[in-house]
Amino acid sequence: MYPAPFEYHRAGSVDEALALLTQYADDGKLIAGGHSLLPVMKLRFAQPSHLIDIRRVAELAGIREEGGVLRIGATTPHAAVAASALIHDRATILAEAAGRIGDAQVRNMGTIGGSLAHADPAADLPAVTLALGAELRVVGRGGERTIPIDQFFTGMFSSALAPDELLVEVRVPVAPARTGGAYEKYADQASGYAIVGVAAVVTLGGNGAVERARVALTGLTPRATRLEGVEQALMGKAPTGEQIQAAAQRAAEGLELRDLTGGGAAYKNNIAVVYTRRAVTRAVERARSA
Ligand SMILES: Cc1cc2nc3c(=O)[nH]c(=O)nc-3n(C[C@H](O)[C@H](O)[C@H](O)COP(=O)(O)OP(=O)(O)OC[C@H]3O[C@@H](n4cnc5c(N)ncnc54)[C@H](O)[C@@H]3O)c2cc1C
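By the count of my numbering, the sequence shown reaches residue 291 at its end, each step adding exactly one.
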């Protein structure tokens, strides 16, 4: 299907993008990689009359480290995140997950900011940024604010971004020593989207016990969700195979499962447990050698 007709505007700066967003407040939409928005427009689920292209706004792209924080511009494509030596070194899990998004075309066009703003319940980066404890810098008519990732995803395809706001940058704190992260996904074979995906970031103390754990799940629930029961079960414990298995068992606790084709609740709960165990196990292995 073809999208409904629209006017195309290319913003040259963040200020210009914000001005266009204000001008077309009622039916304007930002477009970055277009790999979520255009499919939705082709299905006519969205019919914006004005598309504001931010892809070429130089100040929105790029990856750098500053003051112990990785700063990733919103329009940085998944392929650049996956290939970044800095991200591999400082937040391996993010490079790993970005490299498993869709196919090469999707990774070349899709952007980190677009993925988070779209808040697709089957997307990979929402769970990964939750596990990493990221913060999002956004600007709007009212000025600038920083949204902790824990407060960002509010529901299926919805986020704390106001319609006149633009996501500028994803900030990932550089993890302390003896921290490891891993992302495990059971992917839909056709699209690569997560049927279930679990991201785990674990920090070990000097005695080898878990000092900090953030574990998040995507795919099965209406929005990416922290698995707090799993995190609590890991805290302060020596992460043996048995302990990780016992903690992973809590992945299914109170999950608000979304209506997906294929598999009943028992199956979904089971894959949540299995993928949590795999992600935590690998995160712990990486933490031990970090
Ligand atoms: C065939 C296919 C397979 C895919 N497989 C996967 C997969 O395996 N895993 C996965 O996670 N994703 C997958 N995706 C989605 C892909 O990663 C998208 O590119 C991404 O989710 C959206 O990024 P985008 O830059 O294309 O955003 P766009 O499509 O341009 O925009 C998406 C939404 O975000 C808004 N937006 C974009 N940028 C900003 C910004 N800076 N500030 C505020 N709002 C903004 C837009 O207005 C729009 O509402 C797949 C997509 C396709 C087409």
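All C-beta atoms in this analysis are idealised placements derived from N, C-alpha and C, irrespective of residue type, glycine included.
For Arg-91, the uninterrupted alpha helix (DSSP H) run begins and ends at 86 to 91, by DSSP. Linking Phe-7 to Val-202 through their CA atoms gives a straight-line distance of about 42 Å. In this chain, the alpha helix (DSSP H) harbouring Ile-113 covers 113 to 119. In the three-state reduction of the DSSP assignment, Tyr-9 falls in the strand class. Membership of Tyr-3 in any alpha helix (DSSP H) is not indicated, and neither H nor E is assigned to it by DSSP. Rounded to whole angstroms, the separation of the alpha carbons of Val-41 and Ala-47 is 6 Å. Counting the other CB atoms within 10 Å of its CB gives Gly-156 a total below 16, which places it among the exposed residues. Around Thr-147, the same chain offers Glu-136, Leu-137, Arg-138, Val-139 and Arg-172 as residues with beta carbons nearer than 8 Å, after the five sequence neighbours per side are excluded. A contact is defined here as three or more CB-CB pairs under 8 Å, and the region 82 to 94 fails this definition with respect to the region 157 to 170. Look at the beta carbons and you see the region 25 to 36 touching the region 107 to 115: at least three pairs across the two are nearer than 8 Å. With contacts defined by Cβ atoms closer than 8 Å, Ala-253 and Asn-270 form a contacting pair. When DSSP states are grouped into helix, strand and coil, Ile-55 belongs to the coil group.
When DSSP reads this structure, Glu-66 sits in a beta bridge with Leu-71. Residue pairing from DSSP leaves Lys-238 without any beta-bridge partner.
In this structure, Ile-64 sits near Ile-88, with a CB-CB distance shorter than 8 Å.
A straight line joining the alpha-carbon of Gly-242 with that of Val-281 spans about 10 Å.
When secondary structure is reduced to three states using DSSP, Glu-257 falls in the coil class, being assigned neither helix nor strand.
Per the C-alpha coordinates, the member of Ile-196, Ala-105 and Glu-232 positioned closest to Tyr-268 is Ile-196. The beta carbon of Ser-192 sits closer than 7 Å to at least one heavy atom of ligand 1. Under the three-state reduction of DSSP, Gly-181 is assigned to strand.
In this structure, the alpha-carbon of Ala-291 lies about 21 Å from that of Ala-99. With respect to the C-alpha of Ala-288, the residue from Asn-208, Arg-57, Val-15 and Val-275 having the closest C-alpha is Asn-208. Taking a C-beta distance under 8 Å as the contact criterion, Gly-29 and Leu-22 qualify as a contact pair. The Cβ atoms of Val-211 and Leu-205 lie closer than 8 Å to each other.
DSSP places Pro-149 in the strand class (E or B) of the three-state scheme. Excluding sequence positions up to five before and after Arg-278, its CB lies within less than 7 Å of the CB of Ile-245, Gln-246 and Ala-249, all in the same chain and listed in chain order.
Glu-170 counts as buried, since no fewer than 16 other beta carbons sit within 10 angstroms of its beta carbon.
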